[in-house]
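Structure first, commentary second.
Protein chains: 2
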Amino acid sequence: MTARKILFIILDGVSDRPCPELGGTTPLVAAYTPVLDKLAAEGICGIMDTIAAGVRPGSDTAHLALLGYDPYKYYTGRGPLECEGSGIHMEPGMIGFRCNYATISKERLVTDRRAGRIHDTAALSEAIQEGVDLSKFGVDFVFRSGAGHRAALALRGPGLGHCVSSNDPKKEGVAPLTVKSLKQAPEHEKTAMVCNEFVRQSTKILFDHPLNQQRVKAGLNPANVVLMRGAGEMGNFEPFAAKYGLPGSVISAASLITGIGRAVGLTPVPVPGITGSQDSNLAGKVSAAIKELEAKDFVLVNIKGADESGHDGLAEQKRNFIEKADAALEPLLGLTDCIIIVCADHSTPCTIKDHSADPVPVIIRGDGVRMDDVVRFNEYACARGGLGRITGAALLPTALDLINKAHKFGA
Amino acid sequence: MTARKILFIILDGVSDRPCPELGGTTPLVAAYTPVLDKLAAEGICGIMDTIAAGVRPGSDTAHLALLGYDPYKYYTGRGPLECEGSGIHMEPGMIGFRCNYATISKERLVTDRRAGRIHDTAALSEAIQEGVDLSKFGVDFVFRSGAGHRAALALRGPGLGHCVSSNDPKKEGVAPLTVKSLKQAPEHEKTAMVCNEFVRQSTKILFDHPLNQQRVKAGLNPANVVLMRGAGEMGNFEPFAAKYGLPGSVISAASLITGIGRAVGLTPVPVPGITGSQDSNLAGKVSAAIKELEAKDFVLVNIKGADESGHDGLAEQKRNFIEKADAALEPLLGLTDCIIIVCADHSTPCTIKDHSADPVPVIIRGDGVRMDDVVRFNEYACARGGLGRITGAALLPTALDLINKAHKFGA
């Protein structure tokens, strides 16, 4: 029997380096993971360089690579993917930015880069959308609130480039920077001008906004300036369903991952209670994925908590989260008509609190795989698996081949 | 703790194929190597195709690949790298040649391709530098003696190409060849003309030179002609320190390797008594490397003797040299604040007396590596290591990632 569908589980940043707090081993090795181990035992395992050996991936470039979109071709910056994740429909050529609300003083110095971690900024974003006018540049825009103090900005118009700097000074006590073109070319210079005008007009609107006046009265930092970064041009993504013949969905709490999914045409599936953190509703994600597989042929699930622990340098927390995720994945053991992929997008070693280029472990489990003798899902055991050491670009094609959706090259 | 420096030990040509004299195993397997084995046990191991699987590397192309300079882009011939190794400062676009002094008869037939293995040719090279005039081509040159009968020639001027043949007939009893353009294009044709003029003028100077007259009287073969080969154009190498953020040094007895180091901006470190042969001062190299690491972030050490034994087809000599090198590396075991890489640049099987494409064993040892269970440094044990099978281009990025100097691609 040949499976017909693919369930792609990405345990974000789950792999690691030896951690002193865990006696010199990794959180994956230290964790009790009967479900992942059973999947490993029933599947074929390996290690994987998501982009290439020695390349430290971001989550964005890694996910693009795993979905078969060469990040060296498609990735210009995180902005447009964050915009998609915030629900802004990005067309090829639009310029996207990650933004956040911040606080500046009357002297125009940044005093709080997160505006007192303000939560509900919808009214502010609506006022900006209503009030800012960029038509003198022939440009229109979409500005939308994200989670917490976050937001996203998309510019659309002729002659815009994406090579511009940020206005975020990255520290407090100084004025926001002027956005500058990073290349001598009219399209980037135009974007820089548009950005500076956007900041000028939006700051004026935010200073006068009743919500901010209330916050000041209540002793809270007002959200009176927009800081923007991660400029990128939306690529022309061939839709996933057309590229592979698989209608698909994405399940993720992280707007960046949802945005990548939307950018390639995957349908985001909302799940209540998912947070991208330790307390996320993992069982909800898994049951939503299984349900989604009834209608779709491909479901990508991103589980973020281990990456968060890695960034925070908390090896024991990471181990504990892995055990929680493992338990939540238990229903997968009953799935028989699909190929299940389990891997990380990159390693996030607790010792360095950031992503590394260390290869990640990977399992492919389902009908047709050549089961090896690996019975543990971790960095060491999988290195001895039957897949050997592969790249991220090879993973999805391997799974497509197992469901008979790979293109035959030649006769 | 994260290491901050990289010590890169290249055991030139150390890996091999099964050797009948060693009961069908390799010199590395046959050798007693407690130090290399300890490094393997403390590190992560693998096998490596320096350039690509099935590609037989030269030492030059292999070292370029290991330093992260794609030899398909940067390598046009050995000449310019030998020039650098001889202390000639090569600028991008200059054409370099390996040369040797030879003996021709009055009938202009080559009678000794090494001019009686003449040793001190400095006076001859100075006479050539003084006397030869290529200004009618708009070309100037640097000609410098190397070790023994060797020398190097660099041409500088407009409109010079590197695709020219050698004048070395490769056998005795025949006349030196005319240098010819290997491509129909004016720049290569010009270089061929310049070379032939250089040979014509230099031969005249050498015939009349007092040193040669003395040699003839003493019954020695005079050094009265220059044979030239390995034409190549000096590439535009991005300096190593700028590319990786690591000021570095190179320690090697082989002028070719020193030349590659100089070409990419590594500082050559002289060590007394190093010969590139069986009798080299290996302890001096190792202590110089450790001392150099106090000031620099990257040190490349090339140890050549095993390659020599391979070229000579002497498996037992190769095994013995490996044991000598192993003992000399003992001080490395105490280094804790750097990543140590040990590998070969290529295999030099005694059975074929030349380089082969067989992958080489590699160790990466230092903080952060995922130690595997390999406890021997040889072709077989390392093939089961945690690195799997990597390319030379991936090795330095992997080490850079371990010292937190890898660029993050994406967010």
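Chains as they are written, first to last, in my numbering: chain R, 1 to 411; chain C, 1001 to 1411. We put the CB at the ideal spot given by N, CA and C, even for glycine.
Along the segment 117-131 of chain R, there is no position whose C-beta sits under 7 Å from a C-beta of chain C. Judged by pairs of C-beta atoms under 8 Å, the segment 343-363 of chain R touches the segment 39-50 of chain R, as three or more such pairs exist.
Taking a cut-off of 8 Å for Cβ pairs, the segment 1107-1114 of chain C and the segment 1273-1293 of chain C do not touch, as fewer than three such pairs fall below it.
Around residue 1063 (chain C), no beta-carbon contact reaches into chain R at under 9 Å, the shortest distance being about 18 Å. The C-alpha of residue 1307 (chain C) lies about 24 Å from the C-alpha of residue 1374 (chain C). The three-state secondary structure of residue 1039 (chain C), taken from DSSP, is helix. Rounded to whole angstroms, residue 1226 (chain C) and residue 1093 (chain C) show a C-alpha spacing of 23 Å. Judged by DSSP secondary structure, residue 112 (chain R) falls within the beta strand (DSSP E) whose first and last residues are 110-112. Judged by DSSP secondary structure, residue 1122 (chain C) falls within the alpha helix (DSSP H) whose first and last residues are 1122-1131. Per the coordinates, the alpha-carbon of residue 176 (chain R) lies some 10 Å from the alpha-carbon of residue 113 (chain R). Between residue 152 (chain R) and residue 1372 (chain C), the alpha-carbon positions lie close to 45 Å from each other. The three-state secondary structure of residue 1048 (chain C), taken from DSSP, is strand. Cβ contact annotation for residue 1071 (chain C) (same chain, cutoff 7 Å, sequence separation greater than five): 1051, 1061, 1064, 1065, in chain order. The CB of residue 74 (chain R) never comes closer than 7 Å to any CB in chain C; the least such distance is about 11 Å.
Against residue 283 (chain R), chain C offers no close residue; the least beta-carbon distance is about 29 Å (beta-carbon pairs closer than 9 Å). Per the coordinates, the alpha-carbon of residue 1057 (chain C) lies some 31 Å from the alpha-carbon of residue 380 (chain R). The criterion of a C-beta distance shorter than 8 Å is satisfied by residue 1155 (chain C) and residue 1139 (chain C). Look at the segment 1385-1406 of chain C: the residues with a C-beta under 9 Å from a C-beta of chain R are 1385, 1386, 1387, 1388, 1389, 1390, 1391, 1393, 1394, 1395, 1396, 1397, 1398, 1399, 1400, 1401, 1402, 1404, 1406.
Among the bridge pairs identified by DSSP, residue 115 (chain R) is matched with none. Between residue 1372 (chain C) and chain R, the shortest Cβ-Cβ separation is below 8 Å. The Cβ of residue 241 (chain R) sits no closer than 8 Å to any Cβ of chain C. Residue 1123 (chain C) and residue 1116 (chain C) have their C-alpha atoms some 16 Å from each other. In terms of Cβ geometry, residue 391 (chain R) and residue 364 (chain R) do not form a close pair [threshold 8 Å]. For residue 1003 (chain C) against residue 1339 (chain C), the beta-carbon gap comes to about 5 Å, under 8 Å, which counts as contact. The residue among C:1394, C:1205, C:1356 with its C-alpha nearest the C-alpha of residue 1125 (chain C) is C:1205. Along the segment 1236-1278 of chain C, the beta strand (DSSP E) occurs as fully enclosed runs of 3 or more residues at 1248-1251, listed in sequence order. Sequence-distant partners of residue 282 (chain R) (beyond 5 residues in either direction) whose C-beta falls short of 7 Å from its own C-beta, in its chain, are 303, 324, 325, 328.
Close partners of residue 379 (chain R) in chain C (Cβ separation under 9 Å): 1370, 1386. Chain order gives the chain C residues near residue 355 (chain R) as 1408, where near means a beta carbon separation below 8 Å. Residue 335 (chain R) sits in coil when the DSSP states are folded into three classes, being neither helix nor strand. A residue is called buried when at least 16 other Cβ atoms come within 10 angstroms of its Cβ; residue 1185 (chain C) does not meet this threshold and is exposed. By the criterion of at least three beta-carbon pairs nearer than 8 Å, the segment 1216-1224 of chain C is not in contact with the segment 1234-1243 of chain C. Straight through space, the alpha carbons of residue 1298 (chain C) and residue 1120 (chain C) are spaced by roughly 34 Å.
Those residues of the segment 221-253 of chain R placed with their C-beta closer than 9 Å to a C-beta in chain C are 230, ordered along the chain. Along the length of the segment 310-378 of chain R, whole alpha helix (DSSP H) runs at least 4 residues long occupy 315-328, reported in chain order. Exclusion of the five residues before and after residue 378 (chain R) leaves 26, 28, 29, 361 as the residues of its chain whose Cβ lies within less than 7 Å of its Cβ.
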